[in-house]
Structure formats: structure tokens, C-alpha cells
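Mapped onto my numbering, the consecutive letters of the sequence shown carry residue numbers 412 to 660.
From the three backbone atoms N, C-alpha and C, an ideal C-beta is built for every residue, glycine too.
Please read all numbers here as calculations on a predicted model, not as lab measurements.
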Amino acid sequence: MEEIPKNHPRYDSLKIREKLSNAVINGITHHTGLIAHGRGEAFDYILGEKTNKYTYEAEKISAAALLLADDPVVSINGNVAALNPGDCINLSNEIPAKLEINLFHRSNERVNKIYVELKKNGADKIYGLKADANISFLDHNRGLCDKDGIFSSDVVLVPLEDGDRCQALRKMGKKVIAIDLNPLSRTAREADISIIDNVIRAIPNITYWVEKYRNFDRDALKEMVDNWNNNLMLKNICTYISKRLNSMF
Ligand code: ATP
Ligand code: MG
Numbered sequence: 412m413e414e415i416p417k418n419h420p421r422y423d424s425l426k427i428r429e430k431l432s433n434a435v436i437n438g439i440t441h442h443t444g445l446i447a448h449g450r451g452e453a454f455d456y457i458l459g460e461k462t463n464k465y466t467y468e469a470e471k472i473s474a475a476a477l478l479l480a481d482d483p484v485v486s487i488n489g490n491v492a493a494l495n496p497g498d499c500i501n502l503s504n505e506i507p508a509k510l511e512i513n514l515f516h517r518s519n520e521r522v523n524k525i526y527v528e529l530k531k532n533g534a535d536k537i538y539g540l541k542a543d544a545n546i547s548f549l550d551h552n553r554g555l556c557d558k559d560g561i562f563s564s565d566v567v568l569v570p571l572e573d574g575d576r577c578q579a580l581r582k583m584g585k586k587v588i589a590i591d592l593n594p595l596s597r598t599a600r601e602a603d604i605s606i607i608d609n610v611i612r613a614i615p616n617i618t619y620w621v622e623k624y625r626n627f628d629r630d631a632l633k634e635m636v637d638n639w640n641n642n643l644m645l646k647n648i649c650t651y652i653s654k655r656l657n658s659m660f
């Protein structure tokens, strides 16, 4: 592949594209992951490629919810495995939470490749190698998960989740924290806490708050989580976007 010049104004974004494209070639990311990334990039462009104050708040609340959970899981798909596997492992260690490889287009070959990638990045125990349970309300392939992982969890962090699956996880009674750059997606509207941010920024931000809140009073954390109004946050972000766009020209 041709070298990207460091002084290119969109160097970071091009490097990320290159990372994902290589991950597709290496069998870690499904080719449709590139399309999902494209949609995400477009929203990131509109958001100014930085974390806004409403999202920052969502990241804080997510850290609180993950710390309060009895059995939290960080779900890993083909896109995050390519983008920032090390950050996800670090977050799961800090909470601590289980790591589960959970793919929309599941194949044993891809699961194994992601497993090797996570191990290379220092992961300890990884769930999802076996898919011996089903997320209720979904047909067999999309619903596959690990009985000791997502299936029995109480709080799940899902980066780039599909709307249907997000809804099904909620119907199972789980608290769902979704990372999705599109505030209009079904995922963002279905999740308990939606993080409208790039996973590249979101995972380190959540980790920062996990470290801050670790020894915080649990009742205070619980109050924060209970008072979270996800719909209001989505509304604020849409207002933020329209104001930003209106002031551009
Ligand atoms: P839904 O099913 O929830 O309505 P969708 O069908 O538009 O959403 P999917 O293809 O299921 O979307 O999932 C891709 C989602 O992931 C998109 O909404 C996109 O904004 C988001 N996304 C892509 N790349 C990133 C990223 N790097 N960080 C955060 N979100 C991302
Ligand atoms: Mg979808």
C-alpha cells in the first residue's frame, strides 16, 4: 500500500482507514465493517471529530454503570479488534469486566483470528470462543453468544452494535451501553446509555472515569446512573449538531 504523507490534513483518518482495510485483508474485520466505518466517519466529521460535553457525560455515567455491575462484559467485534484492541483490554482489566468476542457475522475462523489479535495485545481470559447460548428474540446466527459471557452478564458495553441486537439484549434485562457515532441509529435510541463518540476516543475516556470513580461512594454512583436521561442527551446532541452546522457558513 502507498505510504500516506504525514503532512496530509486527514492523516489520522487515512491511517485508520488503512488499519481497517488491512484488517479486512487479514480476516479480522468483515468487509461490511468498512461500510459501517464509513457511516461512522461521516457522523464523526459532522461532530467535528472530538468528544462533546454531552458525550463526555455519557462516558462518565458508563464508567459508573460498569463499576456498579455484578457481571459486566466488554464485547469485541471485528472493527474494534482492528481499531483499538489494546484500549479495550485495558478497560476490561480496569473495571474489571469480561472480554467477549461477539460477531454479527460469526465464523470460527474470524473468531480465532481476533482471539490471536487480543492475545497479542495482552488479553488474559477471552470469552466467545464457544457460542453455546443465544441472545433471546434473535434468529440463531446473529444471536450466538457465550453462556458464561454476554448471556449471563448484567451490563454489556457494545461498540458499533446493530439496532436489533441492542434491543434484544435490553429485552433480556441487560443494561446496554452502546458506542455509536450516529445519534439517530436504532442502537443509539435503544441503548440505556449511548456514547456518541468514536470508539478510539470513547474507550480511553471511559477508562479514565473508571479509574477516577473506583473508590467513589457507590450510592452516589448509583444515583448518577439512575438519573441518566438518555433521550435528553440524544436531543442535546442533535441540537449541538444543528447549531454547529448552522454556524459554519
Ligand atoms: P442501526 O441498526 O442501529 O439502526 P445501522 O444499521 O446504521 O444502525 P450498523 O451497520 O448496524 O448501523 O452499525 C454501524 C454503526 O457503527 C453506525 O451507526 C456507525 O455510525 C457506527 N460506527 C462506525 N464506526 C464507528 C467508530 N469508529 N466509532 C463509533 N461508532 C462507529
Ligand atoms: Mg443495523
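Sorted by chain position, which residues of the same chain lie with C-beta nearer than 7 Å to residue i's C-beta, five sequence neighbours on each side aside?
{"i": "Y624", "result": "A474, A475, L478, L632"}
{"i": "I500", "result": "L510, L529, N532, G533, A534"}
{"i": "D481", "result": "D565"}
{"i": "G438", "result": "E520, R521, K524"}
{"i": "R655", "result": "G459"}
{"i": "V636", "result": "I472, A475, A476, L479"}
{"i": "W620", "result": "E470, K471, A474"}
{"i": "D559", "result": "Y538"}
Who are the Cβ neighbours of residue i in its own chain at under 8 Å, not counting the five residues just before and after it?
{"i": "P684", "result": "It is not possible to answer for residue 684, since the shown part of the chain is limited to 412 through 660."}
{"i": "R581", "result": "V587, E601, A602, D603"}
{"i": "L494", "result": "I427, K430, L431, V610, I611"}
{"i": "A447", "result": "N490, L571"}
{"i": "S596", "result": "G574"}
Sorted by chain position, which residues of the same chain lie with C-beta nearer than 6 Å to residue i's C-beta, five sequence neighbours on each side aside?
{"i": "H441", "result": "G489, H516"}
{"i": "L568", "result": "V485, I588"}
{"i": "I512", "result": "I487, V522, I525, G539"}
{"i": "N433", "result": "none"}
{"i": "G451", "result": "L592"}
For the alpha helix (DSSP H) that contains residue i, what are its first and last residues?
{"i": "M564", "result": "According to the sequence shown, residue 564 is Ser rather than Met. Taken as a continuous stretch (DSSP letters only), S564 belongs to no alpha helix (DSSP H), as it is neither H nor E."}
{"i": "A599", "result": "597-601"}
{"i": "I614", "result": "610-624"}
{"i": "K633", "result": "629-637"}
{"i": "K582", "result": "574-582"}
Taking residue i as part of the beta strand (DSSP E), name the residues at either end of that continuous run.
{"i": "S653", "result": "Premise fails: S653 lies in the alpha helix (DSSP H), 641-657, not in any beta strand (DSSP E)."}
{"i": "K588", "result": "For the record, residue 588 in the displayed sequence is Ile; it is not Lys. Taken as a continuous stretch (DSSP letters only), the beta strand (DSSP E) holding I588 covers 586-590."}
{"i": "S547", "result": "It is not in any beta strand (DSSP E) - S547 carries neither H nor E in the DSSP assignment."}
{"i": "I415", "result": "Premise fails: I415 is in no beta strand (DSSP E) and is neither H nor E."}
{"i": "I604", "result": "604-606"}
Would the beta-carbon of residue i be found less than 8 Å away from any heavy atom of the ligand NAD?
{"i": "P496", "result": "With respect to the ligand NAD, the structure shown offers nothing to examine, as its ligands consist of the ligand ATP and the ligand MG."}
- Message: Could you check whether the segment 595-603 touches the segment 641-650, counting it as contact only if at least three pairs of C-beta atoms, one from each stretch, sit closer than 8 Å?
- Response: yes
- Message: Ignoring anything shorter than 3 residues, give me the beta strand (DSSP E) runs that lie fully in the segment 487-544, in order along the chain.
- Response: 509-512
- Message: If contact is defined by three or more beta carbon pairs under 8 Å, each pair taking one atom from either stretch, is the segment 608-621 in contact with the segment 456-465?
- Response: yes
- Item | Ordered list of beta strand (DSSP E) runs contained in the segment 426-488, each at least 3 residues | 483-487
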